[in-house]
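**Q**
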């Protein structure tokens, strides 16, 4: 299981617990974590951690119309996350996965949700079952990936709100497109948190269809992101130099 900070106690926890979450493998580690971080008592959420690699995490993003019908869905499979094992997608691809779409549809029908939903599931290799992780009622961070598909969520959403959407069947994407959150994925590679070298990463970079920030028709977000990366790197170097500077 792992700890996640409770939003009601976030300001307090940030002063004492500097992690986004903390994974513990057994009861001894659980009690050791409480001894190390007593601020976690009554101020955190416990969740079961499902074993398996980051490539066993899938997401289904769907648009639920005003009548409660799923108008379209796009499924992705994560290949890498940041942080590793418990973070957000930094390298993923689309695929047609009707089982995931059906699970997401069951979730929204039981909850009565309308609008956008991005539901995350993980395959538990111990029993082959799908485990529901979380759902966000918004477009996901990899929404630039949707431009590659034939599903125009924005147009569908507006048409549905205006009562002008009239498609009898749910729209699906069946083609594979790759997406990368470039600076986070590179950080995993540089810091050797994933089992891939720089040459292999560059090959994957070249086959990626769309990125979180970079786009050939609008390069400014990518350039700004690169400038932030360079600034963070220089600040890190400066801190290292200052820490290693001999006293006078």
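Residue numbers (the numbering used here): 3 to 250. Where a beta carbon is used, it is the ideal one built from N, C-alpha and C, also for glycine.
Please report the straight-line C-alpha distance between residue 175 and residue 124, rounded to a whole angstrom.
**A** Using only the alpha carbons, I get a separation of about 20 Å.
**Q** To the nearest angstrom, report how far apart residue 188 and residue 32 are at their CA atoms.
**A** Roughly 32 Å between the two C-alpha positions.
**Q** Using the DSSP secondary-structure output, state which residues sit across from residue 133 in a beta bridge.
**A** The partner list for residue 133 (beta bridge, DSSP) reads 124.
**Q** Could you check what DSSP says for residue 38 in three-state terms: helix, strand or coil?
**A** In this structure, residue 38 counts as helix in the three-state DSSP scheme.
**Q** Excluding the 5 residues flanking residue 141 on each side, which residues of the same chain have their C-beta closer than 6 Å to its C-beta?
**A** Excluding residues within five positions, the ones whose Cβ falls inside 6 Å are 118.
**Q** Thinking just about the alpha-carbon of each residue, which of 185, 24, 79 and 172 is nearest to the one in residue 235?
**A** Selected option, being the one with the closest Cα: 185.
**Q** Hey, quick one: how far does the alpha helix (DSSP H) through residue 95 stretch, first residue to last?
**A** Segment 90 to 97 is the beta strand (DSSP E) holding residue 95; no alpha helix (DSSP H) there.
**Q** Among 30, 241 and 180, which one has its Cα closest to the Cα of residue 76?
**A** Nearest of 30, 241 and 180 to residue 76, Cα basis: 180.
**Q** Indicate the three-state DSSP secondary structure (helix, strand or coil) for residue 184 in the structure shown.
**A** Three-state DSSP puts residue 184 in a helix.
**Q** Output needed for residue 214: all residues of its chain with C-beta closer than 6 Å, excluding positions within five of it in sequence on either side, in chain order.
**A** Excluding sequence neighbours, residue 214 sits near 183.
**Q** What three-state label does DSSP hand residue 196 in the structure shown?
**A** Three-state DSSP puts residue 196 in coil, outside helix and strand.
**Q** Please state if the CB of residue 136 and the CB of residue 122 are separated by a distance shorter than 7 Å.
**A** Yes, they are a contact pair.
**Q** Quick check on the burial criterion: 16 or more other C-beta atoms within 10 angstroms. Buried or exposed for residue 15?
**A** For residue 15, the predicted structure reports a pLDDT of 43, less than 50, and the residue's modelled location is therefore unreliable. A value from the coordinates is still provided. Classification for residue 15: buried.
**Q** Determine the extent of the beta strand (DSSP E) in which residue 60 is found, giving its start and end residues.
**A** It spans 59 to 66 - the beta strand (DSSP E) in which residue 60 sits, taken as one unbroken run.
**Q** What are the complete beta strand (DSSP E) segments, minimum 3 residues, inside the region 202 to 230?
**A** Listed in chain order, there is nothing to give.
**Q** Which class does residue 312 belong to by DSSP, given the choice of helix, strand or coil?
**A** Only positions 3 to 250 of the chain appear in this structure, which leaves residue 312 out of reach.
**Q** Can you name the start and end residues of the alpha helix (DSSP H) that residue 159 belongs to?
**A** Segment 155 to 163, the alpha helix (DSSP H) holding residue 159.
**Q** With DSSP collapsed to three states, give me the class of residue 69.
**A** Reduced to three states, the DSSP call for residue 69 is coil.
**Q** Please go through the same chain and pick out, in chain order, the residues whose beta-carbon is closer than 6 Å to the beta-carbon of residue 107, but skip the five residues on each side of it.
**A** Result list for residue 107: 72, in chain order.
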